[in-house]
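S.K.:
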Amino acid sequence: MRNYMIRRLGHSIFIILGLMALLFFSINVLGDPVELLVEDEVSQEVIDAIRAKYGFDRPLHVRFGDFYWNMVRGDFDVSIRHKIPARELVFGRLPNTAVLGLVTWAIGSLGIPIGMLAARRPRGLVDRLINIFSFAVISVPDFWLALMLILILAVEFHLLPTSGFNGLGPEGWKYVLLPAIALSPRVLGRNAQITRATMIDELGKGYVSTARAKGLGETTVLYTHVLKNAAISIVTLMGDELAGFMNGATITETIFGWPGLGKLLIDSINNRDLPVITAVVFVVALMVMAINLIVDLIYTWLDPRISYK
Amino acid sequence: MKSSSKLRITQWMIGLVALVILVTVACGGAAAPAAPVAPAATKASAAAAAPAATAAPQVMEKAKSARDTATVVTEAEPASVGAWSEGCSAEIHSIGCQDFVSDYITWIDDRNDFEVVLLSGFESYEQMAPDRWRFKLRPGVKFHNGEPWNAEAAKFGIDYNADPTNASASITWTGPIKPAEVVDEFTMDVVCGAPCPIYPRTGIFTDFQAPKWFQAASEADRSRMTNAFGPYRIIDYQPGIHTKFEAYPDYLPNENFFSQAAVIPFITHVYRSEATVRAAMVATGEADWVADIGFEEAEKVPKWVSGTTAEVYTLILDTVFHPELKKQKVRLALAHAIDCQGLLDSLFQGRIKCWGAISMEGTVGITPENSAVREYNPELSRQLLKEAGYDPVNSIDVNTRPGSNIRGLEIMEATVTYWRDVGVTSELNSWGDLAKAREVQTSGCGRFYKLDETFKDKLDCDQRDPPGPYFTSSHAYEVATSNEILDQQRFNNSRMNCSNRSSRVCRRDLQEQAKAANAVPAGPERRKAMEAMLDIAYEEVFFIPFMQVEYVYGLSEDMEWQPYYAPRLRGNTMSFTK
Numbered sequence: 080m081r082n083y084m085i086r087r088l089g090h091s092i093f094i095i096l097g098l099m100a101l102l103f104f105s106i107n108v109l110g111d112p113v114e115l116l117v118e119d120e121v122s123q124e125v126i127d128a129i130r131a132k133y134g135f136d137r138p139l140h141v142r143f144g145d146f147y148w149n150m151v152r153g154d155f156d157v158s159i160r161h162k163i164p165a166r167e168l169v170f171g172r173l174p175n176t177a178v179l180g181l182v183t184w185a186i187g188s189l190g191i192p193i194g195m196l197a198a199r200r201p202r203g204l205v206d207r208l209i210n211i212f213s214f215a216v217i218s219v220p221d222f223w224l225a226l227m228l229i230l231i232l233a234v235e236f237h238l239l240p241t242s243g244f245n246g247l248g249p250e251g252w253k254y255v256l257l258p259a260i261a262l263s264p265r266v267l268g269r270n271a272q273i274t275r276a277t278m279i280d281e282l283g284k285g286y287v288s289t290a291r292a293k294g295l296g297e298t299t300v301l302y303t304h305v306l307k308n309a310a311i312s313i314v315t316l317m318g319d320e321l322a323g324f325m326n327g328a329t330i331t332e333t334i335f336g337w338p339g340l341g342k343l344l345i346d347s348i349n350n351r352d353l354p355v356i357t358a359v360v361f362v363v364a365l366m367v368m369a370i371n372l373i374v375d376l377i378y379t380w381l382d383p384r385i386s387y388k
Numbered sequence: 104m105k106s107s108s109k110l111r112i113t114q115w116m117i118g119l120v121a122l123v124i125l126v127t128v129a130c131g132g133a134a135a136p137a138a139p140v141a142p143a144a145t146k147a148s149a150a151a152a153a154p155a156a157t158a159a160p161q162v163m164e165k166a167k168s169a170r171d172t173a174t175v176v177t178e179a180e181p182a183s184v185g186a187w188s189e190g191c192s193a194e195i196h197s198i199g200c201q202d203f204v205s206d207y208i209t210w211i212d213d214r215n216d217f218e219v220v221l222l223s224g225f226e227s228y229e230q231m232a233p234d235r236w237r238f239k240l241r242p243g244v245k246f247h248n249g250e251p252w253n254a255e256a257a258k259f260g261i262d263y264n265a266d267p268t269n270a271s272a273s274i275t276w277t278g279p280i281k282p283a284e285v286v287d288e289f290t291m292d293v294v295c296g297a298p299c300p301i302y303p304r305t306g307i308f309t310d311f312q313a314p315k316w317f318q319a320a321s322e323a324d325r326s327r328m329t330n331a332f333g334p335y336r337i338i339d340y341q342p343g344i345h346t347k348f349e350a351y352p353d354y355l356p357n358e359n360f361f362s363q364a365a366v367i368p369f370i371t372h373v374y375r376s377e378a379t380v381r382a383a384m385v386a387t388g389e390a391d392w393v394a395d396i397g398f399e400e401a402e403k404v405p406k407w408v409s410g411t412t413a414e415v416y417t418l419i420l421d422t423v424f425h426p427e428l429k430k431q432k433v434r435l436a437l438a439h440a441i442d443c444q445g446l447l448d449s450l451f452q453g454r455i456k457c458w459g460a461i462s463m464e465g466t467v468g469i470t471p472e473n474s475a476v477r478e479y480n481p482e483l484s485r486q487l488l489k490e491a492g493y494d495p496v497n498s499i500d501v502n503t504r505p506g507s508n509i510r511g512l513e514i515m516e517a518t519v520t521y522w523r524d525v526g527v528t529s530e531l532n533s534w535g536d537l538a539k540a541r542e543v544q545t546s547g548c549g550r551f552y553k554l555d556e557t558f559k560d561k562l563d564c565d566q567r568d569p570p571g572p573y574f575t576s577s578h579a580y581e582v583a584t585s586n587e588i589l590d591q592q593r594f595n596n597s598r599m600n601c602s603n604r605s606s607r608v609c610r611r612d613l614q615e616q617a618k619a620a621n622a623v624p625a626g627p628e629r630r631k632a633m634e635a636m637l638d639i640a641y642e643e644v645f646f647i648p649f650m651q652v653e654y655v656y657g658l659s660e661d662m663e664w665q666p667y668y669a670p671r672l673r674g675n676t677m678s679f680t681k
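Residue numbers (this note's numbering), protein chains in the order written: chain R, 80 to 388; chain D, 104 to 681.
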């Protein structure tokens with residue numbers, strides 16, 4: 080296991096370094112950030128002067144060397160647009176994205192019992208209704224649902240604020256609900272479908288008949304034996320979803336004014352703000368790798384036959 | 104089989120009911136009773152007009168506000184709240200680093216025939232020479248951090264704004280400025296790089312910050328704070344979340360409406376990209392003032408007003424390099440091919456009128472003749488194309504960027520269709536990326552001097568091919584271009600000038616005429632000179648304008664505020680009625 084972990088870590092470092100190099104060149108190919116800092120009427124002399132001020136007039140390989148050396152030292156430089164250290168911007172938003180992701184993930188987890196309920200009587204009325212429901216919620220576009228939730232829950236019924244952010248403390252909980260609800264249907268639907276499908280698959284296996292023949296109750300069979308064996312697929316899916324949330328939910332964050340990584344990343348890409356893009360991608364890549372590693376470890380706990388050598 | 108078909112019917116019924124509920128909610132749910140719509144006005148109330156220049160040095164009595172805090176919402180988030188940071192642009196979302204906290208040299212009083220008035224830092228001005236203006240500063244004014252306001256501080260601000268490497272928005276309006284000269288403690292001379300007869304009018308973006316603080320602050324600190332002497336000061340800035348302001352207790356108001364004491368003690372500025380969300384925030388009482396909700400959302404808020412943005416939504420034609428757009432008759436044909444009013448009526452339900460000039464109504468030089476909308480006449484258009492010898496091999500494309508203007512994409516799609524209808528080969532290029540759109544917008548002659556030195560200061564750009572692989576003709580590109588100083592000088596310099604990157608007009612005769620017109624002192628003669636420039640732009644069809652851009656602002660029931668002619672918001676002009 081230890082060797083496996085060391086190997087994974089080595090791979091991760093290699094992947095991140097490669098990713099950063101790719102990022103640097105692709106952003107530089109895509110356009111000049113200085114053009115986006117100034118009004119379009121300014122003269123070419125002004126543009127040239129600003130390019131020199133920020134060092135964009137240096138050869139690409141020199142800039143790449145500086146960029147890489149700074150990144151290795153954990154310094155992502157100062158945001159071209161905000162003039163604030165990129166690391167500070169990203170770490171300021173990371174907890175917000177994580178909280179929104181976790182709340183959404185928690186709501187989405189409700190899909191597991193729903194899927195289990197459907198699996199109890201395949202092709203029964205409940206199963207069919209849950210099928211319709213899960214397909215319907217997966218098909219609802221985030222942005223449309225977000226706007227509908229605002230109009231119904233905030234404007235019509237005044238149950239929650241339309242949007243905004245009020246910290247992650249006790250005062251802020253009601254601001255996270257609408258964005259989380261808007262994000263959760265797809266997760267909920269997918270969880271329900273995967274749980275249902277894997278459980279139905281497991282229910283047809285011999286060990287279930289054996290358990291039933293031993294006289295175990297249906298609930299024990301389902302929750303103690305079947306669910307544990309079905310859990311590998313569910314954990315894989317949920318790990319994937321959680322990793323996805325760490326990227327930030329760009330559209331939802333934008334609509335609700337939630338200060339997360341997704342919106343920051345999109346704004347930075349639009350403005351060719353390389354330091355911020357790099358910092359966001361770096362942090363997100365680390366998170367995704369950490370989540371994948373945790374998922375791998377959970378596999379070994381769920382199924383002792385799995386071992387990493 | 105029977106039960107299965109019953110189940111299918113049940114499924115269909117459930118689906119149908121769900122669909123009906125969703126449609127009902129989506130289409131009918133939020134419609135509030137008809138809102139008390141305020142008149143769409145930006146200029147009015149001559150009764151409240153303030154005197155033009157000299158400010159009274161007394162402190163006006165502060166009115167009490169019914170509520171402590173107003174929340175204002177804009178679409179975008181400012182990249183910075185530092186007034187001199189590149190992230191602070193001349194757009195509505197930059198109110199936090201501009202109009203709330205800064206008092207500029209001057210302001211244009213749209214309540215009084217667009218007179219130029221001084222804000223709180225100045226007492227008077229006088230032109231000493233064609234390129235020199237003397238300003239008397241107002242004693243007793245202090246920056247938000249307590250530093251004194253004097254001629255040295257004013258010079259620091261003028262010089263900072265004038266340095267091209269600082270990317271100040273101010274310089275694109277004032278033109279080149281030499282280092283300011285201190286005459287005495289409260290007197291300063293501004294020296295222009297060329298005759299500047301309307302310098303005070305161009306000073307509406309020239310702002311000041313406390314010099315000692317600014318010089319000592321790190322770049323990050325300068326980005327997070329503005330220490331100016333405007334009616335509000337920043338008390339809390341959290342990127343991505345909000346900026347909070349409090350009324351500056353030591354603000355010295357003058358008699359001008361725009362330099363009055365702040366009435367509302369605190370203002371919070373937040374950002375929401377969706378117009379529906381901004382409107383919802385006013386409807387629920389979470390916000391008191393929201394920008395740019397469009398006519399579609401206007402009925403959902405307690406009150407709304409609309410106002411111009413000093414911008415004209417227009418097509419800029421590449422008359423320099425495009426083989427067909429070089430021909431005046433082709434350009435005229437393109438203008439006559441578009442049913443502008445019919446198009447706007449269908450998109451804005453008759454609320455927006457077509458406009459035929461590149462500058463908004465009220466600009467020095469605008470007349471009914473040079474702002475008249477071209478008649479929609481496809482037959483005439485076809486005839487003009489024939490007379491011009493238009494070759495359909497030469498496509499005349501339209502470059503646009505989605506979201507650059509409300510309904511912009513629809514207008515441009517329709518334009519391409521109109522042109523095709525009269526036989527023009529045309530495609531719509533929609534640049535989703537701002538950087539790519541900028542490439543197109545800034546490929547005028549002024550861009551090439553670095554690539555080919557022979558271009559620099561030569562006025563023969565249209566006589567030769569542009570250099571190398573960097574060039575692409577901009578064909579026709581759409582832009583909402585603003586002229587907040589309301590003087591044609593702005594576009595003489597930027598849109599009809601061989602040396603500018605944004606210009607698609609380069610003519611030796613016009614270059615000279617523009618230079619001469621820009622040097623004419625304010626008054627009837629200047630009006631005539633600018634009129635002549637605008638007449639040429641109209642006759643030559645350098646641009647195909649569509650409309651004066653309007654913003655719709657949503658207001659809470661008790662918010663008292665009238666829109667300015669430009670998208671700017673002075674916090675001290677807002678109040679609550681109850």
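The beta-carbon is built from N, C-alpha and C at its ideal position, and this holds for glycine as well.
Rounded to the nearest angstrom, what separates ASP612 of chain D and ALA632 of chain D at their Cα positions?
M.R.: The straight-line gap from Cα to Cα measures roughly 14 Å.
S.K.: Can you confirm whether LYS618 of chain D, when its beta carbon is compared against all beta carbons of chain R, has any partner nearer than 8 Å?
M.R.: Taking Cβ atoms only, chain R never reaches closer than 8 Å to LYS618 of chain D, which makes this a no.
S.K.: Does the Cβ of GLU377 of chain D have 16 or more other Cβ atoms within 10 Å, making it buried, or fewer, making it exposed?
M.R.: When all chains shown are included, GLU377 of chain D counts as buried.
S.K.: What separation, rounded to the nearest whole angstrom, lies between the Cα atoms of GLU322 of chain D and SER271 of chain D?
M.R.: Going from the Cα of GLU322 of chain D to the Cα of SER271 of chain D covers about 15 Å.
S.K.: Helix, strand or coil for ARG336 of chain D per DSSP?
M.R.: ARG336 of chain D: strand per DSSP, three-state reduction.
S.K.: Mapping DSSP to helix, strand and coil, what is GLU235 of chain R?
M.R.: Helix, per DSSP.
S.K.: Which two residues bound the contiguous beta strand (DSSP E) that contains ILE419 of chain D?
M.R.: 406–420 is the span of the beta strand (DSSP E), which, as asked, contains ILE419 of chain D.
S.K.: Taking the beta strand (DSSP E) that HIS345 of chain D falls in, what are its first and last residues?
M.R.: Unbroken beta strand (DSSP E) run through HIS345 of chain D: 345–350.
S.K.: Assuming VAL219 of chain R is part of the beta strand (DSSP E), what are its boundary residues?
M.R.: Taken as a continuous stretch (DSSP letters only), VAL219 of chain R belongs to no beta strand (DSSP E), as it is neither H nor E.
S.K.: Determine the extent of the beta strand (DSSP E) in which PRO648 of chain D is found, giving its start and end residues.
M.R.: Here the beta strand (DSSP E) through PRO648 of chain D covers 646–658.
S.K.: With 8 Å set as the bound, which would you pick, yes or no: does the beta-carbon of ILE377 of chain R sit closer than that to a beta-carbon of chain D?
M.R.: False, the Cβ-Cβ gap to chain D never drops below 8 Å.
S.K.: Does chain R have any CB closer than 8 Å to the CB of SER577 of chain D?
M.R.: No, SER577 of chain D lies away from the interface with chain R (no Cβ there is under 8 Å from its Cβ).
S.K.: Just checking my contact of ILE273 of chain R with LEU316 of chain R at CB under 8 Å: how many whole Å lie between their CB atoms?
M.R.: The pair is a contact, with the Cβ atoms about 5 Å apart (cut-off 8 Å).
S.K.: If the cut-off is 8 Å on Cβ atoms, which residues from the region 224–251 of chain R count as contacting chain D, listed in chain order?
M.R.: From the region 224–251 of chain R, only LEU226, MET227, ILE229, LEU230, ILE231, ALA233, VAL234, GLU235, HIS237, PRO240, THR241, SER242, GLY243 and PHE244 have a Cβ closer than 8 Å to chain D.
S.K.: Here's the rule: buried if 16 or more other CB atoms are within 10 angstroms of the residue's CB, otherwise exposed. What is SER148 of chain D?
M.R.: Reliability fails at SER148 of chain D, whose pLDDT of 30 lies under 50, so the model's placement of it is uncertain and the value that follows must be treated cautiously. The residue in question, SER148 of chain D, is exposed, as its Cβ has fewer than 16 Cβ neighbours within 10 Å.
S.K.: Can you list the residues of chain R that TYR374 of chain D reaches, using a CB-CB cut of under 8 Å?
M.R.: By Cβ distance, chain R contributes GLY336.
S.K.: Determine which residues share a DSSP beta bridge with GLU663 of chain D and list them.
M.R.: DSSP output for GLU663 of chain D lists D:SER678 as bridge partner(s).
S.K.: For GLN98 of chain D, write down the residues that DSSP places opposite it in a beta bridge.
M.R.: Lying before the first or after the last residue shown, residue 98 of chain D is absent from chain D, which here runs from 104 to 681.
S.K.: Does the contact criterion of 3 or more C-beta pairs under 8 Å hold for the region 186–194 of chain R versus the region 235–253 of chain R?
M.R.: Cβ pair count under 8 Å is below three, so no.
S.K.: Which runs of the alpha helix (DSSP H) fall wholly inside the region 362–413 of chain D and span at least 4 residues, in chain order?
M.R.: Runs of the alpha helix (DSSP H) inside the region 362–413 of chain D: 378–386 and 397–401.
S.K.: I'd like to know if LEU101 of chain R contacts chain D, where contact means its C-beta is closer than 8 Å to some C-beta of that chain.
M.R.: No, because no Cβ of chain D sits closer than 8 Å to the Cβ of LEU101 of chain R.
S.K.: Indicate whether at least one CB of chain D lies closer than 8 Å to the CB of ASN326 of chain R.
M.R.: No, because no Cβ of chain D sits closer than 8 Å to the Cβ of ASN326 of chain R.
S.K.: Check the Cβ-Cβ distances between GLU189 of chain D and every residue of chain R, and say whether any is below 8 Å.
M.R.: It does: the Cβ of GLU189 of chain D has a partner Cβ on chain R nearer than 8 Å.
S.K.: With distances taken Cα to Cα, identify the nearest neighbour of TRP664 of chain D among D:THR379, D:TRP407 and D:VAL244.
M.R.: For TRP664 of chain D, the nearest C-alpha among the options comes from D:TRP407.
S.K.: In this structure, does DSSP put ALA128 of chain R in helix, strand or coil?
M.R.: In this structure, ALA128 of chain R counts as helix in the three-state DSSP scheme.
S.K.: What is the DSSP secondary structure of PRO164 of chain R, reduced to helix, strand or coil?
M.R.: PRO164 of chain R falls in the strand class under three-state DSSP.
S.K.: Which residues of the region 372–401 of chain D have a Cβ closer than 8 Å to any Cβ of chain R? Give them in chain order.
M.R.: Per Cβ criterion, the list reads VAL373, TYR374, ARG375, SER376, GLU377, THR379, VAL380, ALA383, MET384, ALA386, THR387 and GLU389.
S.K.: Would you tell me roughly how many angstroms separate the C-alpha atoms of VAL527 of chain D and ILE647 of chain D, rounded to the nearest one?
M.R.: One C-alpha to the other measures close to 16 Å.
S.K.: Please list, in chain order, the chain D residues whose beta carbon lies closer than 8 Å to that of VAL157 of chain R.
M.R.: By Cβ distance, chain D contributes GLU322 and ALA323.
S.K.: If you run the structure through DSSP and keep just helix, strand and coil, what is THR575 of chain D?
M.R.: DSSP places THR575 of chain D in coil when its eight states are reduced to three.
S.K.: From the DSSP secondary-structure annotation, give me the bridge partner or partners of PHE238 of chain D.
M.R.: Per DSSP, D:TYR228 and D:MET291.
S.K.: I need the boundaries of the beta strand (DSSP E) containing VAL176 of chain D, first residue and last residue.
M.R.: It spans 172–177 - the beta strand (DSSP E) in which VAL176 of chain D sits, taken as one unbroken run.
S.K.: Just list the alpha helix (DSSP H) runs in the region 495–542 of chain D, keeping only unbroken ones of 4 residues or longer that don't cross its boundaries, in chain order.
M.R.: Correct list: 511–524.
S.K.: Buried or exposed: where does THR268 of chain D fall if 16 or more other Cβ atoms within 10 Å of its Cβ makes it buried?
M.R.: Classification for THR268 of chain D: exposed.
S.K.: If you measure beta-carbon to beta-carbon, which residues of the region 342–356 of chain R are closer than 8 Å to chain D?
M.R.: The residues in question are LYS342, LEU343, ASP346, ASN349, ASN350 and ARG351.
S.K.: By how many angstroms is the C-alpha of LEU116 of chain R removed from the C-alpha of ARG567 of chain D?
M.R.: Their Cα atoms are separated by approximately 31 Å.
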